[in-house]
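Structure, as structure tokens:
Structure representation (structure tokens):
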């Protein structure tokens with residue numbers, strides 16, 4: 001078989017504001033690969049099927065001099081994100097052709113790895129689409145479930161406010177909270193997303209671009225729990241609308257990712273109202289909650305009790321556009337790149 | 001006996017920046033009182049001995065339209081703060097002349113109260129000066145002890161950073177942390193305060209006005225626990241110098257009290273580092289910790305194991321100046337107004 005093009009998405013330059021397709025990242029098709037003969041040296045050959053595009057990727061698009069929890073991308077090398085690949089060939093004990101591999105993968109059509117450090121073979125007992133393992137059944141789903149279990153201390157009848165409630169994390173937080181008997185207020189940036197949030201049970205859902213957020217929160221609050229994915233003005237409004245002993249779960253602050261951080265001016269409310277703010281990175285919670293997550297989430301997704309949405313874009317060459325859409329919030333649902341069919 | 005002047009400190013106008021003596025508050029000597037004949041109607045007559053001047057008083061100097069945890073002062077009426085008074089006369093069962101009363105008192109030389117709601121008779125088994133019940137043995141001491149017990153989750157060998165470490169709260173946090181085997185970094189605003197912080201055990205003590213705080217924290221950190229009394233730039237520096245799973249205890253944010261709030265630009269660190277920020281008001285912790293507080297703190301103060309400093313100013317007419325000094329940090333130690341001798 002003749003060598004095939006092995007398309008890749010390379011980190012090309014550090015963005016100062018929003019990441020620019022073709023500049024921040026570039027699609028490169030200069031590499032080829034001979035699938036039958038490429039030497040594996042005891043490793044495995046993977047074919048990438050689906051890749052996840054997540055808000056946190058913006059944080060990795062930085063110079064190596066800036067420290068943060070996830071390492072920066074390397075200029076000239078493929079960017080990475082969670083994905084699913086299928087094993088085409090294997091010289092590694094315990095991994096067989098046809099196995100599916102989950103983990104942080106380089107944005108590359110075909111991948112040779114000498115080991116599976118950081119990756120794992122996944123089963124799919126409930127026959128969910130593979131893309132779901134990048135959303136509700138994967139890292140975003142874990143984020144919602146584990147962050148809630150660890151920090152919410154939710155009581156039936158309490159009120160939770162969820163920002164980006166139509167996203168893969170927020171939409172699961174809404175559904176978990178409703179199952180536990182809370183009143184849910186949820187915000188998102190389009191009427192279509194508001195409709196989805198109502199479908200999955202939000203008691204109050206609004207479009208923050210066209211609604212006076214502070215009025216809604218004042219009327220529907222006080223807030224006992226705030227699930228924050230955005231930071232900035234929304235966090236300020238939530239602090240002002242919080243009740244005594246409120247719990248704020250800080251999952252992300254996308255409003256500041258492309259502006260160098262959005263200032264918070266009323267943090268004194270944490271003193272006045274005895275608020276606890278808990279930030280977290282899901283990987284640090286996995287050791288404690290991974291088993292519970294699978295038992296809780298997979299049956300609910302398979303039965304349709306918990307709903308999710310996806311926006312699947314075909315082709316690795318579209319990665320730059322989808323990254324930008326996720327940063328701007330113009331994507332319609334959990335963003336997935338379909339790199340190849342099985 | 002002829003009527004005596006009953007001096008008072010009145011709330012006169014809402015400040016926009018720092019409170020101004022003679023404008024924000026005024027000393028008024030237009031009232032008189034006949035101690036022997038003033039009718040008590042079943043109540044008590046108190047003679048005020050000492051009054052506490054605390055940072056939080058700034059928050060009560062606001063218009064009635066702004067909600068916060070402590071009610072606003074009433075224009076034209078005496079301001080209030082924690083104090084100790086002695087009972088001169090009593091028609092109330094269970095309260096006797098010579099008893100000492102602790103609680104929030106109006107700034108007034110003599111007080112007629114019809115009940116003791118919000119106040120309590122205190123004993124002084126260890127023969128501490130009464131002023132100590134406004135500092136280390138009172139609300140500031142409770143704040144240090146109860147906030148630490150509730151939120152620090154301290155482990156021997158960890159590093160704590162204490163801001164305003166020479167103040168009545170911070171100086172006790174330092175001593176509690178040293179007793180529990182932590183490394184203590186502490187900051188204050190004068191060399192004299194730095195000296196005191198070293199005397200009470202701080203491993204690293206610095207004057208934030210003359211020292212590069214970020215350099216100290218980078219070199220001596222990462223911080224596992226941050227005890228915050230100031231907010232603003234100090235909190236930003238602490239967020240940047242924090243380690244993973246750090247606990248931030250938010251006791252106050254005086255840097256913003258006179259400026260409308262100091263913005264925090266790097267709150268995203270709570271996500272990146274899985275930081276928990278816990279704000280609190282000590283009165284909400286009292287039900288849980290009051291008994292432990294007395295058993296822990298009073299013997300340590302009486303034996304001299306725990307040290308404290310006080311700056312006692314004589315005369316109710318000085319209240320406005322002392323309030324301003326506490327807001328600016330130019331006071332040298334826990335500020336107490338001595339209104340009268342026993």
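Protein chains in written order, with my numbering: chain A, 1 to 342; chain B, 1 to 342.
Note that beta-carbon positions come from the ideal geometry of N, C-alpha and C, so glycine has one too.
Option nearest residue i by Cα separation, candidates the options
i	options	result
residue 257 of chain A	A:2, A:16, A:8 and A:7	A:16
residue 114 of chain A	A:176, A:216 and A:43	A:43
residue 99 of chain B	B:235, B:123 and B:167	B:123
residue 243 of chain B	B:276, B:67 and B:340	B:276
residue 219 of chain B	B:176, B:168 and B:237	B:237
residue 93 of chain A	A:70, A:74, A:121 and A:69	A:121
residue 179 of chain B	B:62, B:168 and B:160	B:160
residue 1 of chain A	A:35, A:70 and A:25	A:35
residue 282 of chain B	A:280, A:288 and A:271	A:271
residue 232 of chain B	A:331, A:5, A:266 and A:118	A:266
residue 191 of chain A	A:203, A:166, A:181 and A:278	A:166
residue 63 of chain A	A:14, A:196, A:28 and A:31	A:14
residue 289 of chain A	A:117, A:133 and A:144	A:144
residue 67 of chain A	B:247, B:253, B:241 and B:286	B:241
residue 119 of chain A	A:137, A:84 and A:126	A:84
residue 139 of chain B	B:20, B:304 and B:251	B:251
residue 234 of chain B	B:201, B:189, B:260 and B:273	B:189
residue 187 of chain A	A:217, A:95, A:246 and A:259	A:217
C-beta neighbour in chain B for residue i, strict 7 Å
i	result
residue 214 of chain A	no
residue 270 of chain A	yes
residue 92 of chain A	no
residue 164 of chain A	no
residue 247 of chain A	no
residue 263 of chain A	yes
residue 425 of chain A	With chain A covering only 1 through 342, there is no way to say anything about residue 425 of chain A.
residue 253 of chain A	yes
residue 365 of chain A	This structure does not reach residue 365 of chain A, given that chain A is present from 1 up to 342, and the question cannot be answered.
residue 303 of chain A	no
residue 278 of chain A	yes
residue 153 of chain A	no
residue 284 of chain A	yes
Chain A within 7 Å of residue i, Cβ atoms only
i	result
residue 281 of chain B	yes
residue 361 of chain B	Nothing can be reported for residue 361 of chain B: it is not among the residues displayed for chain B, which extend from 1 to 342.
residue 217 of chain B	no
residue 414 of chain B	No answer is possible for residue 414 of chain B: the residues shown for chain B start at 1 and end at 342.
residue 63 of chain B	no
residue 69 of chain B	yes
residue 57 of chain B	no
residue 143 of chain B	no
residue 275 of chain B	yes
residue 266 of chain B	yes
residue 220 of chain B	no
Sequence-distant residues of its chain with Cβ nearer than 7 Å to residue i (five each side left out)
i	result
residue 342 of chain B	49 and 86
residue 318 of chain B	337
residue 40 of chain B	89, 91 and 112
residue 38 of chain B	45 and 112
residue 5 of chain B	29 and 32
residue 78 of chain B	8, 9, 10, 106, 107 and 108
residue 316 of chain B	7, 9, 27, 107, 109, 337 and 339
residue 193 of chain B	166
residue 296 of chain B	145
residue 173 of chain B	144, 148, 162 and 227
Residue i - partner residues in DSSP beta bridges
i	result
residue 21 of chain B	B:25
residue 247 of chain B	B:225 and B:276
residue 388 of chain B	No answer is possible for residue 388 of chain B: it lies beyond the span of chain B, which begins at 1 and ends at 342.
residue 205 of chain B	B:186
residue 338 of chain B	B:50 and B:314
residue 242 of chain A	A:223
residue 8 of chain A	A:28 and A:108
residue 45 of chain B	B:89 and B:112
residue 33 of chain A	A:4
Same chain, Cβ closer than 8 Å to residue i, neighbours up to 5 away in sequence not counted
i	result
residue 81 of chain B	51, 52, 53, 54, 57, 104, 105 and 107
residue 328 of chain B	18
6 Å CB neighbourhood of residue i in its chain, flanking five on each side removed
i	result
residue 325 of chain B	331
residue 293 of chain A	142 and 145
residue 311 of chain B	331, 332, 333 and 335
Which runs of the alpha helix (DSSP H) fall wholly inside the region 51-117 of chain A and span at least 4 residues, in chain order?
57-60
So within the region 143-180 of chain B, which uninterrupted alpha helix (DSSP H) runs reach at least 4 residues, ignoring any that extend past its ends?
168-179
Ranges of the alpha helix (DSSP H) found wholly within the region 265-313 of chain A, counting only runs of at least 4:
269-272 and 282-303
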